[in-house]
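This report concerns only the one structure given below.
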Amino acid sequence: MGKDAFSILVDRTGLTLTDDQKAVLFAAYPMFQAMIARATPPMPREAEPSLIFLPEVM
Amino acid sequence: MQPFLTIAEAGALIAAKKLSPVELTRLCLDRIEKLDGQLHSFLMVTEDRALADAKASEARMMSAALKGPLDGIPIGHKDIYNTAGIRTTGHSRLLEHNVPTEDSVVGQKWAAAGTVLMGKLATHEFAIGGPSFDLPWPPARNPWNTDHFTAGSSSGTGASVAAGLVLGGTGSDTGGSIRGPSALCGIAGIKPTYGLSSRRGVLPLSQTLDHTGPMAWTVQDCALLLQAMAGHDPLDPASANRPVPNFSADLGKDAKGLRIGVVRHFHEVDNPVSPATLKGIEDALDIFRAQGAVISDVTLSPMMDYNAPGWLILTAEAYAVHEPWLKERFNDYGELLRDRLALGALLSATEYVQALRRRRVLCLETRDAMADLDILITASAPAEAPKIHEVPKWAMLEKPNFTMPFNLTGLPALSVCTGYGAGGLPVSMQIVGKPFAEATVFRAGHAYEMATEWRGKRPAMSTALTG
Numbered sequence: 214m215g216k217d218a219f220s221i222l223v224d225r226t227g228l229t230l231t232d233d234q235k236a237v238l239f240a241a242y243p244m245f246q247a248m249i250a251r252a253t254p255p256m257p258r259e260a261e262p263s264l265i266f267l268p269e270v271m
Numbered sequence: 035m036q037p038f039l040t041i042a043e044a045g046a047l048i049a050a051k052k053l054s055p056v057e058l059t060r061l062c063l064d065r066i067e068k069l070d071g072q073l074h075s076f077l078m079v080t081e082d083r084a085l086a087d088a089k090a091s092e093a094r095m096m097s098a099a100l101k102g103p104l105d106g107i108p109i110g111h112k113d114i115y116n117t118a119g120i121r122t123t124g125h126s127r128l129l130e131h132n133v134p135t136e137d138s139v140v141g142q143k144w145a146a147a148g149t150v151l152m153g154k155l156a157t158h159e160f161a162i163g164g165p166s167f168d169l170p171w172p173p174a175r176n177p178w179n180t181d182h183f184t185a186g187s188s189s190g191t192g193a194s195v196a197a198g199l200v201l202g203g204t205g206s207d208t209g210g211s212i213r214g215p216s217a218l219c220g221i222a223g224i225k226p227t228y229g230l231s232s233r234r235g236v237l238p239l240s241q242t243l244d245h246t247g248p249m250a251w252t253v254q255d256c257a258l259l260l261q262a263m264a265g266h267d268p269l270d271p272a273s274a275n276r277p278v279p280n281f282s283a284d285l286g287k288d289a290k291g292l293r294i295g296v297v298r299h300f301h302e303v304d305n306p307v308s309p310a311t312l313k314g315i316e317d318a319l320d321i322f323r324a325q326g327a328v329i330s331d332v333t334l335s336p337m338m339d340y341n342a343p344g345w346l347i348l349t350a351e352a353y354a355v356h357e358p359w360l361k362e363r364f365n366d367y368g369e370l371l372r373d374r375l376a377l378g379a380l381l382s383a384t385e386y387v388q389a390l391r392r393r394r395v396l397c398l399e400t401r402d403a404m405a406d407l408d409i410l411i412t413a414s415a416p417a418e419a420p421k422i423h424e425v426p427k428w429a430m431l432e433k434p435n436f437t438m439p440f441n442l443t444g445l446p447a448l449s450v451c452t453g454y455g456a457g458g459l460p461v462s463m464q465i466v467g468k469p470f471a472e473a474t475v476f477r478a479g480h481a482y483e484m485a486t487e488w489r490g491k492r493p494a495m496s497t498a499l500t501g
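Protein chains in written order, with this note's numbering: chain G, 214 to 271; chain E, 35 to 501.
Here's what the structure looks like:
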């Protein structure tokens, strides 16, 4: 992803960042994407999330 | 009075009317006055409250009405624990003038146990953003060498306990914030099983990873402190509704018969530790083996496989907590926090849910790996504390840490000091148990401490005061 596309991505979040602040995030974004990829490998369709809705609320 | 007392020692002396809680409190206040200008471990010292608490404890002592082993013990609360009528800031400009009207549940329980509140302790901003130098208060410094980092986020608790300014304190742990400062400051600290101790009245960071827990000089003291904070809280939706065992029950036992799994690849391959840290772990295993423990290696997924969903979940949940302020007051946060959390805005809902699905897979893997084991052992931190100005901003993205796997899985995990490295700063190991098996974790940690001499050494800045 290029800087311009990244800037649009950040703007869509509703955060108001300066160009310098965006540049800091842009530099770290490849590492963050690598972490996302590592956290989300293919899993069986039946794999349940660790949080399951409980109808009895307190 | 001995210059440095553990909670267990002080409690026993108070029970025997051989130690005045007021004198003990004055000793700690004197140390705070002399040392905290260098340490910055306190955001606020509540001297009047401390002396009032101590006098009330002393009155109970004189009338044989002590509330238990914590009565008269000077403690501090990390400044994300709400304290009624006492400023609670999260070490952030955004809550600089925030004064809660109620204590946290843990604060209520420790007060009911007779503890003496010395003040509010430094943290990383909202328990994630440090070390930061652009906040209203400086970051805490490591008492073993004030040029060095405490780790975080329970940084003030780690520093103040190690220096003897308090005998124990609260921490919170979302990715390692109790065990990291415990490791780098050379004290004991436990992240209990998720749900064992209430989070109500503690500023949230990431609700499915947040844990409350105690930090103290010894494992035994952590057991005493956890005893007074554990228990079901019907208003904390994560709170476990189960009986609280006696965490000190097995402290007299050694490691005989314990089945110990060493997650060797975590600290030898996935994030290789320093020679001193490795030696500390190997020496500990020798001690456990000599006491009759059965030791084997255990293999889990690579440590980064646990860190990745952990940090993704943390970032997403923390962003959700802070989103309104991040959108309106982005620049009121410190640089580290706002940059780390802003990444959370870039996550998709699908990625968050996939990380939660991955979390369950890894919980099952760890459960199966521990089926025939009592505890796991690995490092708490890779090495001695780095210099405070040399902490990488994106450390959590660059290398896996040793603590996040047990936030992700919710297992109880204790950091214990295993000696001192070439620079004179502490090194440590981590002891991990099965869910709600804190007593076994404490047993192993206490057996190790009793077999070693590390608890006899305090930071030079503190011992210098005793002459």
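Glycine included, each C-beta is placed from N, C-alpha and C at the ideal position.
Between which two residues does the beta strand (DSSP E) harbouring residue 448 of chain E extend?
DSSP places residue 448 of chain E inside the beta strand (DSSP E), whose first and last residues are 447-454.
Using a threshold of 7 Å, is the CB atom of residue 423 of chain E nearer than that to any non-hydrogen atom of the ligand HEM?
As far as ligands go, the structure on display features none, and thus does not contain the ligand HEM.
Name the chain G residues that come within less than 8 Å of residue 379 of chain E, Cβ to Cβ?
Ordered by position in chain G, the residues that pass the 8 Å Cβ test against residue 379 of chain E are 223, 226, 227, 228.
Just to confirm my understanding: we take residue 333 of chain E, look at its own chain, exclude 5 residues before and 5 after, and list those with CB closer than 7 Å. What are they?
299.
Measure from the C-beta of residue 258 of chain G to each C-beta in chain E and report whether the shortest distance is under 8 Å.
Interface residue (Cβ-Cβ distance to chain E less than 8 Å): residue 258 of chain G is not classified as such.
Segments assigned alpha helix (DSSP H), at least 4 residues, entirely inside the region 243-287 of chain E
At a cut-off of 4 residues, the continuous stretches assigned as alpha helix (DSSP H) that sit fully inside the region 243-287 of chain E are 253-261.
For residue 529 of chain E and chain G, any beta-carbon pair shorter than 8 Å?
With chain E running from 35 to 501 in the structure shown, residue 529 of chain E is simply not present.
Can you pull the DSSP bridge partners for residue 222 of chain E?
Bridge partners of residue 222 of chain E: E:250.
Determine, for residue 254 of chain E, whether the minimum Cβ-Cβ distance to residues of chain G falls below 8 Å.
So, not an interface residue.
Confirm, please, whether the CB-CB distance from residue 404 of chain E to residue 490 of chain E is below 8 Å.
No.
Between the alpha carbons of residue 314 of chain E and residue 224 of chain E, how many angstroms are there, rounded?
Each residue's alpha carbon lies about 19 Å from the other.
Under 8 Å between C-beta atoms, does residue 485 of chain E make it to chain G?
Nearest CB-CB separation between residue 485 of chain E and chain G: not below the 8 Å threshold.
Measure from the alpha carbon of residue 252 of chain G to the alpha carbon of each residue in E:145, E:336, E:211, then state which is nearest.
Of the listed residues, the one whose Cα sits closest to residue 252 of chain G is E:336.
Rounded separation between residue 440 of chain E and residue 97 of chain E - CA only:
Answer to the nearest angstrom: the Cα atoms are 44 Å apart.
For residue 214 of chain G, return the contacting residues in chain E, with the cut-off set at a CB-CB distance below 9 Å.
Near residue 214 of chain G there are no residues of chain E at all, since even the closest Cβ is about 10 Å away, more than 9 Å.
Can you name the start and end residues of the alpha helix (DSSP H) that residue 220 of chain G belongs to?
Counted as a single uninterrupted DSSP element, the alpha helix (DSSP H) harbouring residue 220 of chain G occupies residues 216-225.
Compute the Euclidean distance between the alpha carbons of residue 243 of chain G and residue 305 of chain E, then round it to the nearest angstrom.
Cα-Cα distance, rounded: 20 Å.
Judging by CA-CA distance, which residue of E:276, E:79, E:427, E:438 is the nearest neighbour of residue 447 of chain E?
Comparing Cα positions, the closest option is E:438.
Please list, in chain order, the chain E residues whose beta carbon lies closer than 9 Å to that of residue 239 of chain G.
Residues of chain E passing the Cβ test: none, with the nearest at roughly 11 Å.
Using a Cβ cut-off of 8 Å (strictly closer), state whether residue 178 of chain E contacts chain G.
No - not a single Cβ of chain G is within 8 Å of the one on residue 178 of chain E.
Beta carbon of residue 23 of chain E nearer than 8 Å to that of residue 76 of chain E:
With chain E running from 35 to 501 in the structure shown, residue 23 of chain E is simply not present.
Quick check on the DSSP output: what are the complete alpha helix (DSSP H) runs of length 4 or more inside the region 122-190 of chain E, in order along the chain?
Here the runs fully enclosed are 139-146.
Just mark residue 225 of chain G as buried or exposed, buried being the case when its beta carbon has 16 or more other beta carbons within 10 Å.
Around the CB of residue 225 of chain G, fewer than 16 other CB atoms lie within 10 Å, so the residue is classed as exposed.
Local conformation of residue 40 of chain E per DSSP, three classes
In the structure shown, residue 40 of chain E sits in coil (DSSP, three-state: anything other than H, G, I, E or B).
Would you list the one or two residues that DSSP bridges to residue 491 of chain E?
According to DSSP, which records beta bridges pairwise, residue 491 of chain E is partnered with nothing at all.
On the DSSP bridge assignment, give the partners of residue 115 of chain E in chain order.
Paired residue(s): E:236.
For residue 258 of chain G, name the three-state secondary structure that DSSP assigns.
Coil at residue 258 of chain G, not helix or strand.
Please list the terminal residues of the continuous alpha helix (DSSP H) segment that includes residue 348 of chain E.
Where residue 348 of chain E is concerned, the enclosing alpha helix (DSSP H) stretches over 337-362.
Is it true that the CB of residue 228 of chain G sits closer than 8 Å to the CB of residue 379 of chain E?
Yes, these two residues count as a Cβ contact at 8 Å.
What are the boundary residues of the beta strand (DSSP E) that residue 205 of chain E is part of?
Per DSSP, residue 205 of chain E belongs to the beta strand (DSSP E) from 202-207.
Note down, in chain order, every chain E residue with its Cβ under 7 Å from the Cβ of residue 245 of chain G.
The contacting residues are 377, 431.
Residues in the same chain with beta-carbon distance under 8 Å from residue 459 of chain E, minus the five sequence neighbours each way, listed in chain order, please.
Contacts found: 176, 178, 179, 182, 218, 220, 418, 419.
Neighbourhood of residue 70 of chain E by C-beta, 6 Å cutoff - its chain only, sequence neighbours within 5 removed:
Apart from sequence neighbours up to five positions away, the residues of its chain that approach residue 70 of chain E with a beta-carbon distance below 6 Å are 76, ordered along the chain.
Closest by C-alpha distance to residue 487 of chain E, when choosing among E:477, E:121, E:452
Measuring from the Cα of residue 487 of chain E, the nearest candidate turns out to be E:452.
Please classify residue 406 of chain E: does DSSP put it in a helix, a strand, or coil?
Assignment of residue 406 of chain E by DSSP, reduced to helix, strand and coil, places it in the coil class.
Just to confirm my understanding: we take residue 270 of chain E, look at its own chain, exclude 5 residues before and 5 after, and list those with CB closer than 6 Å. What are they?
232, 233, 234.
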